[in-house]
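Inspection log for the structure reproduced underneath, given as structure tokens.
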Amino acid sequence: ISDQKPLGCWSLKHGQVLTCPVVCNFETHEYIAVHDDKVLRIWKNEDINLDKAFKATLSADVYRIHSLPTGGPVVLFRGGGVRTLDVLLEAPQQEIENVISDEVIRWSGAFMEGQQPVLIFTTEKDGDFFVYVQKLKLSSLHKYKLEQQESSKPLCFTAHVTNQTVTLLCLYSNDSVYQILIPLQQDTEEEEEEILSKSLVLNFSVPGTVLKGTSLVVLDKDHVAVLGSLAVPGKEPRECLSIWNTKFQTLQTSKELPLGTSGQLWCYEEKFFIIHGKVLTVIMYKCETSSLAAAVGKLKDSQNPDVSSFVNWNTLEDEELVVPFQSQESVALKAESKLNLRSRRSTIAKVQPETLSVGQLLLNLKDASTYVLETELRQLMSKAPTPDLQATIGSVVTALTDRCKRNPKYYPQNFLLEIVETRDLSYSLCPDLMAVALEKKDMHLLQICLERFPDIPEEIIYACLKAFLSISEAHLQNIDVNVDSVICYVDVEFDNKEVKTEIVENGFSVSMDQDMCDTKIPKESQSRSDGESCPVGLQKAALLNAVLHSAYTETFLLPHLKNLPAQQAILFLRYLYYLYVKCSEKVNTTLPGTRSPTINQIMDWMCLLLDAHFTVMVMLPEAKELLSNLHKFVRAQVRFYSELNKIEGSLRELQRLNHLRESQTYSIEVLEII
-8 ISDQKPLGCW SLKHGQVLTC PVVCNFETHE YIAVHDDKVL RIWKNEDINL DKAFKATLSA
52 DVYRIHSLPT GGPVVLFRGG GVRTLDVLLE APQQEIENVI SDEVIRWSGA FMEGQQPVLI
112 FTTEKDGDFF VYVQKLKLSS LHKYKLEQQE SSKPLCFTAH VTNQTVTLLC LYSNDSVYQI
172 LIPLQQDTEE EEEEILSKSL VLNFSVPGTV LKGTSLVVLD KDHVAVLGSL AVPGKEPREC
232 LSIWNTKFQT LQTSKELPLG TSGQLWCYEE KFFIIHGKVL TVIMYKCETS SLAAAVGKLK
292 DSQNPDVSSF VNWNTLEDEE LVVPFQSQES VALKAESKLN LRSRRSTIAK VQPETLSVGQ
352 LLLNLKDAST YVLETELRQL MSKAPTPDLQ ATIGSVVTAL TDRCKRNPKY YPQNFLLEIV
412 ETRDLSYSLC PDLMAVALEK KDMHLLQICL ERFPDIPEEI IYACLKAFLS ISEAHLQNID
472 VNVDSVICYV DVEFDNKEVK TEIVENGFSV SMDQDMCDTK IPKESQSRSD GESCPVGLQK
532 AALLNAVLHS AYTETFLLPH LKNLPAQQAI LFLRYLYYLY VKCSEKVNTT LPGTRSPTIN
592 QIMDWMCLLL DAHFTVMVML PEAKELLSNL HKFVRAQVRF YSELNKIEGS LRELQRLNHL
652 RESQTYSIEV LEII
């Protein structure tokens, strides 16, 4: 998948039909397929002709083959009979018992409980659903009946086995997920089938919308993924992939899939596999430990479709790999870090660009001159908008960054800036761009990327922060940086130092603060560290503001932030404290300017930085004064707002009286607030 190159292709004869999914035998590294219900085929990767592969005709129709990491593949027949592949190959024509009568298998799954393979399958007959649990080594089969649900029926099933208990999850047509627990301890078959009761674990209730699920997979004991369509009144249904916390019944995150899907969702080794449009999309995910605080936080974050604390879709989509279902000539490139197409080289002169696919054109341009490369890429981007235009532009950027890595002297800064500023790109479409910009120390491009890309990984955000803090102010004077986010509140003299003005913040002044504290600070130090002067220059402040605007997940950013050198951490904290004081000057705590940091962003980064470096800062003498001033400033604001809270009731009563009084003449009234 990472190379987007077919490694093998095998075809059946005309008239033959594959009747169950092909699986791989993990022990022998062979492929196993069934065509025309009864014909078993086994072959290896080096085999070319499928017709010459091993063939065995079975005595009964096969429903599904399940491949387990240990113990070998397990074959489930349509009549409910189960055999391991090894036993079946000893006598392919052996008689297979018919376990189910007039029942149709709807779903099946195989699991390992310790060293014991367990096969579970569900059947339907006349609207009733049954569950069969087969323990292969003990030849033990148990049949259960599902408790009926009024006006709804199961649409799909999934299960997992832990601690000798099968947890079966059923997605019902009433947009709910029910859980059924089946113990594996009993080894004796019961004559009467047991009725399984179910419990509601999840209801897809999103305000104003209805989620119609079509596929359900278990991620871990507390999380499930649902593929389905989101129906909004008055709008066309939209397909989406959503992840839910079953423990707290919260929506963790969701992603709209505008190109449509096949309705199928696969999950393997912490990766989702979805057919999106005409491509196979692979998205990595990571389950976090389920907690109430985390679940509530993720639910809040999921309101923004581009930022999620559970799955940062765009951040993880730098691992998103695309495999077209058309011919190799129609490869639609999706930029990602491991892209490494291998194909024969050809020249541009003999073939017109419009007759080439994007993949072929980029391969042909690999060794072209700089002028030819940039000219062809500009023509490629100037074509009429198509559904694949974004992926095409991402491929263009990847082609440029690949050449930058091959040729250290080549760096088309203006071309890259033009693309990023005029195109709606994301990090996942060109994951190598920011890495190359960091290597070239292109601070302007990094600033633009931080402002425009919604999906930058936390590792890259940290790398940008470290680069911004380490670069000298003198070097920044010669760099074109957008200072719109700071020019309105950082006053600069010719020596790039802020003009110091007397500041009286909301509820805070130096004299008031000193009255509350026993320790007084000399006036010289006050001017340096109490937030009155900006600790960094105009350009560096603008770059740091771009970092503050980046979306991040605290869990992933904190480990990187702990590696920030102590002196840089102190400088960053001083700047954050300066912004905090500036925000407090305004009644609405909002800084002027374009894309200026918000008070919440400033506070979040201050807390994050203190969490990462608190022990170091407490020990460093140069940080002591900064922490002391920060502490006193926060305490003064707390006292100020506490005093406001005391008169809140009186102010509300005054407001009520003003509404009741309809005075038509001028008057002066004195109200005494006790």
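Residue numbers (the numbering used here): -8 to 665. We put the beta carbon where it would ideally sit given N, CA and C, even for glycine. Since the structure is predicted, the reported quantities are computational estimates derived from the model, not experimental observations.
For residue i, the nearest candidate out of the options (CA to CA)
{"i": "Ser220", "options": "Asn40, Ser206, Glu21, Lys212", "result": "Ser206"}
{"i": "Gln559", "options": "Ser461, Asn469, Leu601, Leu242", "result": "Ser461"}
{"i": "Gly(-1)", "options": "Ser575, Trp34, Asp446, Ser143", "result": "Trp34"}
{"i": "Ile91", "options": "Pro83, Glu81, Gly72", "result": "Gly72"}
{"i": "Leu127", "options": "Gly62, Ile96, Met434", "result": "Gly62"}
{"i": "Thr244", "options": "Leu250, Thr252, Ser233", "result": "Ser233"}
{"i": "Leu76", "options": "Glu94, Val25, Arg97, Gly118", "result": "Val25"}
{"i": "Glu409", "options": "Asp393, Glu450, Glu365, Asp27", "result": "Glu365"}
{"i": "Cys525", "options": "Leu570, Pro550, Ala557, Leu548", "result": "Leu570"}
{"i": "Gly70", "options": "Leu80, Ala47, Ala82, Arg97", "result": "Arg97"}
Alpha-carbon spacing of residue i relative to residue j, whole angstroms
{"i": "Leu429", "j": "Gly528", "result": "20 angstroms"}
{"i": "Leu172", "j": "Asn194", "result": "18 angstroms"}
{"i": "Val495", "j": "Ile590", "result": "Here Val495 scores only 40 on pLDDT, less than 50, and its place in the model should not be relied on; the value that follows carries that caveat. In a straight line, the C-alpha of Val495 is about 18 angstroms away from that of Ile590."}
{"i": "Val68", "j": "Ile87", "result": "Sequence check: residue 68 is Phe here, not Val. One C-alpha to the other measures close to 8 angstroms."}
{"i": "Lys246", "j": "Val477", "result": "34 angstroms"}
{"i": "Lys396", "j": "Leu424", "result": "10 angstroms"}
{"i": "Asn305", "j": "Asp471", "result": "Here the model assigns Asn305 a pLDDT of 43, short of 50, so the residue's position is not dependable and the matter cannot be decided."}
{"i": "Leu187", "j": "Arg229", "result": "35 angstroms"}
{"i": "Val53", "j": "Pro64", "result": "13 angstroms"}
{"i": "Val427", "j": "His267", "result": "30 angstroms"}
{"i": "Glu493", "j": "Thr546", "result": "Here the model assigns Glu493 a pLDDT of 36, short of 50, so the residue's position is not dependable and the matter cannot be decided."}
{"i": "Lys623", "j": "Arg630", "result": "10 angstroms"}
{"i": "Ser50", "j": "Thr272", "result": "38 angstroms"}
{"i": "Lys43", "j": "Val78", "result": "23 angstroms"}
{"i": "Lys226", "j": "Gly385", "result": "31 angstroms"}
{"i": "Lys431", "j": "Gln107", "result": "56 angstroms"}
{"i": "Val298", "j": "Ala216", "result": "Any answer about Val298 is weak, because its pLDDT of 33 lies below 50 and its placement is not dependable; what the coordinates show is given next. If you take the alpha carbons of Val298 and Ala216, they lie about 17 angstroms apart."}
{"i": "Gln240", "j": "Phe112", "result": "26 angstroms"}
{"i": "Ile265", "j": "Ser419", "result": "17 angstroms"}
{"i": "Lys8", "j": "His151", "result": "The question names Lys, yet the displayed sequence has Val at residue 8. Cα to Cα, Val8 sits roughly 31 angstroms from His151."}
{"i": "Cys479", "j": "Ala533", "result": "11 angstroms"}
{"i": "Glu261", "j": "Cys421", "result": "23 angstroms"}
{"i": "Asp686", "j": "Leu137", "result": "Given that the chain is displayed from residue -8 to residue 665, the structure contains no residue 686 and the question cannot be resolved."}
9 angstroms Cβ cutoff met for residue i and residue j
{"i": "Lys212", "j": "Thr149", "result": "no"}
{"i": "Leu162", "j": "Gly204", "result": "yes"}
{"i": "Pro399", "j": "Leu391", "result": "no"}
{"i": "Leu539", "j": "His604", "result": "no"}
{"i": "Asp415", "j": "Gln438", "result": "no"}
{"i": "Lys573", "j": "Leu562", "result": "no"}
{"i": "Leu31", "j": "Ser2", "result": "no"}
{"i": "Tyr568", "j": "Met597", "result": "yes"}
{"i": "Ile452", "j": "Tyr543", "result": "yes"}
{"i": "Tyr22", "j": "Cys11", "result": "no"}
{"i": "Cys258", "j": "Leu210", "result": "yes"}
{"i": "Leu535", "j": "Leu617", "result": "no"}
{"i": "Lys531", "j": "Phe459", "result": "yes"}
{"i": "Val124", "j": "Leu110", "result": "yes"}
{"i": "Gln255", "j": "Leu218", "result": "yes"}
{"i": "Ala557", "j": "Leu611", "result": "yes"}
Boundaries (first-last residue) of the beta strand (DSSP E) holding residue i
{"i": "Phe148", "result": "145 to 153"}
{"i": "Arg32", "result": "30 to 34"}
{"i": "Glu184", "result": "It is not in any beta strand (DSSP E) - Glu184 carries neither H nor E in the DSSP assignment."}
{"i": "Ile171", "result": "167 to 174"}
{"i": "Glu616", "result": "Element bounds for Glu616: not the beta strand (DSSP E) but the alpha helix (DSSP H), 612 to 637."}
{"i": "Asn236", "result": "229 to 236"}
{"i": "Phe112", "result": "107 to 116"}
{"i": "Leu221", "result": "214 to 222"}
{"i": "Ser725", "result": "As shown, the chain starts at -8 and ends at 665. That puts residue 725 outside it, with no answer to give."}
{"i": "Arg55", "result": "53 to 57"}
Boundaries of the alpha helix (DSSP H) in which residue i is found, first to last residue
{"i": "Arg97", "result": "Segment 95 to 104 is the beta strand (DSSP E) holding Arg97; no alpha helix (DSSP H) there."}
{"i": "Ala454", "result": "449 to 461"}
{"i": "Ser253", "result": "Not the alpha helix (DSSP H): Ser253 falls in the beta strand (DSSP E), residues 252 to 258."}
{"i": "Val427", "result": "424 to 431"}
{"i": "Asn16", "result": "Where Asn16 is concerned, there is no enclosing alpha helix (DSSP H), although the beta strand (DSSP E) it sits in stretches over 9 to 16."}
{"i": "Gln243", "result": "Premise fails: Gln243 lies in the beta strand (DSSP E), 241 to 247, not in any alpha helix (DSSP H)."}
Residue i beta carbon near the ligand ZN (any heavy atom closer than 8 angstroms)
{"i": "Thr413", "result": "The ligand ZN is not part of this structure, which contains no ligands at all."}
Sufficient close CB pairs (3 or more, under 8 angstroms) joining the segment 85 to 105 to the segment 43 to 57: yes
With contact counted as at least three CB pairs below 8 angstroms, one residue from each stretch, are the segment 585 to 599 and the segment 628 to 641 in contact? The segment 585 to 599, when compared against the segment 628 to 641, does not touch it at the 8 angstroms Cβ threshold.
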